[in-house]
Amino acid sequence: DICMLPRCWAARPAHRGAVAMAPAADGPAPHIIGRCADEISAMAPSTAGPMTLSSMMAFVRQLVIVSAAAKAGIVDDDVLGLRPDKESDYFGKILRMTFELPAALGCLFGGAEGGGGPLLGAGWMAAGVFVLAEVLALALVGDSFFGMATGGVVESVRSGLGTLVMLHIVGGAIMWANAFVQVAVRPLRKAPLAVVHRVFGRAMLLNWFFVTGPSCWILSLFTGIGPHRQQFASMVLGVMLMDVTLMASYFFWRGFQIARVRSRGEASLALHGRAMRLGTMMTMVMLLQRPLQLFFILVRKALLLAMLLVPESWLMAHGAAQYVTTAIFDHNVLLALSTMIGGG
Numbered sequence: 074d075i076c077m078l079p080r081c082w083a084a085r086p087a088h089r090g091a092v093a094m095a096p097a098a099d100g101p102a103p104h105i106i107g108r109c110a111d112e113i114s115a116m117a118p119s120t121a122g123p124m125t126l127s128s129m130m131a132f133v134r135q136l137v138i139v140s141a142a143a144k145a146g147i148v149d150d151d152v153l154g155l156r157p158d159k160e161s162d163y164f165g166k167i168l169r170m171t172f173e174l175p176a177a178l179g180c181l182f183g184g185a186e187g188g189g190g191p192l193l194g195a196g197w198m199a200a201g202v203f204v205l206a207e208v209l210a211l212a213l214v215g216d217s218f219f220g221m222a223t224g225g226v227v228e229s230v231r232s233g234l235g236t237l238v239m240l241h242i243v244g245g246a247i248m249w250a251n252a253f254v255q256v257a258v259r260p261l262r263k264a265p266l267a268v269v270h271r272v273f274g275r276a277m278l279l280n281w282f283f284v285t286g287p288s289c290w291i292l293s294l295f296t297g298i299g300p301h302r303q304q305f306a307s308m309v310l311g312v313m314l315m316d317v318t319l320m321a322s323y324f325f326w327r328g329f330q331i332a333r334v335r336s337r338g339e340a341s342l343a344l345h346g347r348a349m350r351l352g353t354m355m356t357m358v359m360l361l362q363r364p365l366q367l368f369f370i371l372v373r374k375a376l377l378l379a380m381l382l383v384p385e386s387w388l389m390a391h392g393a394a395q396y397v398t399t400a401i402f403d404h405n406v407l408l409a410l411s412t413m414i415g416g417g
């Protein structure tokens, strides 16, 4: 799509507010590409002055956004009924294209129709397995699954923040169940059951913004550093958790606003669905991290069991093993490392 932009430059429409139609089977419609070319040319760093790294990064970011939006066929001025006062309004352009990002990614991930596509479907399966593991662990041993696996070091309901951890687990499970009903049970979106869809949707947003989201944000500020005071790993983990929370909150809020304003009727509702599905996928990012964390925990336990076979007179071997298990394979470091790999 990006390579097609220069060739379609001459085909761009005279009216910049032209409604974007669905792309053809062999690629985006020419007028959509022309529109994107207009946007990119306005975003491009000026050649009159020195080009800075930040200006190039901003330009590349907008280039990716409009390319995805062109592929989705949703580039339009009034996605939310918002239109800049001036066509040269740089902030207005960024604001408008930022609103189009949920729709572009939602189209790529979830499709325009259906229950979210295969990627989100895999997320539902992983979420179900994870919630079941948490429920069984709480029922059998009175602790979360990873609290049990780490001996209460991380994510334990028996720690000082145990109440907040429990609140986050329960709130997250209820939110995912609510989101599954919203996405999968399509008859609830149409009258006369649409009121049920709206009530459940508002309940999910209240859950996220007042229970699950804030608890995740607070817990990200109190990540452990381990006996060797691994501050950097703790900082990276906290930043990534806060970033995911912020992104999910953004897409949930924009999706709610799109449905509330509904400036384009059914098209707005389709965009609303894409934004909400993408926000839900943001909350499932940690599900990519969980298998890695469990694998690292098993490697750590295998190393500790192997050291039982080493004679006690091998002091250097035991010292090295103790350092590895308390520094590199410390549970706090493993949590941060698995998050960087799986969630990054």
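Heads up: the sequence shown at position 72 corresponds to 145 in our numbering, and the numbers run straight through without jumps. Glycine included, every Cβ here is placed at the ideal spot set by N, Cα and C.
How far does the alpha helix (DSSP H) with residue i in it reach, from first residue to last?
| i | result |
| --- | --- |
| Arg271 | 267–280 |
| Trp387 | First-last for Trp387: undefined, no H or E at that position. |
| Phe295 | Taken as a continuous stretch (DSSP letters only), Phe295 belongs to no alpha helix (DSSP H), as it is neither H nor E. |
| Ala321 | 304–334 |
| Ile247 | 235–257 |
| Leu360 | 358–380 |
Consult DSSP for residue i and reduce its assignment to one of helix, strand or coil.
| i | result |
| --- | --- |
| Glu339 | helix |
| Asp216 | coil |
| Ala210 | helix |
| Ser411 | helix |
| Phe172 | A caution first: Phe172 carries a pLDDT of 45, below 50, which makes its placement in the model too unreliable to give a value. |
| Ala348 | helix |
| Ala400 | helix |
| Arg262 | helix |
| Gly196 | helix |
| Gly225 | coil |
| Ser232 | coil |
When the Cα of residue i is compared with those of the options, which residue comes out closest?
| i | options | result |
| --- | --- | --- |
| Phe429 | Gly233, Leu240, Gly274, His241 | No answer is possible for residue 429: the residues shown for the chain start at 74 and end at 417. |
| Met413 | Leu294, Phe305, Ala267, Val269 | Phe305 |
| Phe324 | Arg363, Ala246, Met354 | Met354 |
| Phe203 | Thr236, Gln255, Pro364 | Pro364 |
| Arg327 | Arg350, Gln362, Asn251 | Arg350 |
| Val292 | Met389, Ser229, Gly338, Ala199 | The identity of residue 292 in the sequence shown is Leu, whereas the question assumes Val. It is Ser229. |
| Asp403 | Arg259, Leu205, Gly225 | Gly225 |
| Ala332 | Ala200, Met357, Val358, Arg262 | Arg262 |
| Gln366 | Leu209, Met308, Thr223 | Thr223 |
| Gly352 | Ala206, Leu209, Met248, Thr236 | Met248 |
| Val284 | Ala199, Lys374, Thr318, Ala375 | Thr318 |
| Asn251 | Glu207, Trp197, Ser386, Leu211 | Trp197 |
| Phe295 | Asn405, Met221, Ser411, Gly415 | Asn405 |
**Message:** Would you call the stretch 310–329 in contact with the stretch 239–258, where contact means no fewer than 3 C-beta pairs closer than 8 Å?
**Reply:** no
**Message:** Under 8 Å, with one C-beta from each stretch per pair, do the stretch 328–348 and the stretch 394–401 reach the 3-pair mark?
**Reply:** no
**Message:** Using a Cβ distance threshold of 8 Å, determine whether the stretch 282–293 contacts the stretch 376–387, with at least three qualifying pairs required.
**Reply:** no
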